[in-house]
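The opening residue of the sequence shown carries number 122 in this note's numbering; numbering runs sequentially from there. Heads up, the beta-carbon is just placed ideally off N, CA and C, and yes, glycines get one too. One structure is given below, encoded as structure tokens.
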Amino acid sequence: MDLVGGWALKIAKRVAPEEADFAAEVGQAFASGGRARAALFPRPGAEPGGWGPTALIGDLPVILRALADCAESLRYLLGTPQLANIVAIVSLGVAMRRPKSGDREPDAENDSDERPGDPETVALHSAVEQLRGRLANDGMPRPRAELVAYELLDELLSDPAAASEFLRALKGESRG
């Protein structure tokens, strides 16, 4: 499995497990661009929830598009010298935003106690806001978009160097 397919599978297993069986193919189609990428998204005028090709659209193409659109800020975050601090903050954010049985929806204002002026904290919040905003703009409910944003960051931070290469490949960039 190639780099993009492998990361798409890891991401799907984490945030869209029902799409894991075809995640590698979706990732490869997205990274190849052109018609293959366009085929992953509904065409204008298609009715959501209808029958036909648009019925197969899942969260993974939307997630990959959000990652590609936010790749620059994510790669900056992945390359920051204070990576251990960011990993701890993201892990806390994921834990705080995961719904527990009987809990109400995660609160967007439910932030941890990190200092907002720290460069790594500013970079983290910027990346979360960009990802959450992009996911929400593509129709994902805001509480889920926030949880997915933190889950994605946590997954990317598990292997920053490989994640940075994945983001380059997802955008169709060659290492230069």
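Three-pair Cβ contact test at 8 Å for the segment 255-265 versus the segment 275-286: no
Candidates Glu140, Gly126, Leu199: closest to Ala72 by CA position: The requested residue 72 is not part of the displayed model; the chain covers only 122 to 297.
Secondary structure of Gly254, DSSP reduced to three states: helix
Euclidean distance between Cα positions of Gln149 and Cys191: 18 Å
8 Å CB neighbourhood of Ala129 in its chain, flanking five on each side removed: Ala144, Ala145, Val147, Gly148, Gln149, Phe151, Leu181, Leu185
Assigned secondary structure, Pro182 (DSSP; H/G/I helix, E/B strand, else coil): helix
Local Cβ density within 10 Å of Lys134, reported as buried at 16 or more and exposed below that: exposed
Per-residue DSSP class, three states only, for Phe162: coil
Own chain, CB closer than 7 Å to Gln251, minus 5 neighbours either side, in chain order: Cys191, Ser194
When Ala270, Val183, Gly254 are compared against Glu140, the one with the closest alpha-carbon: Val183
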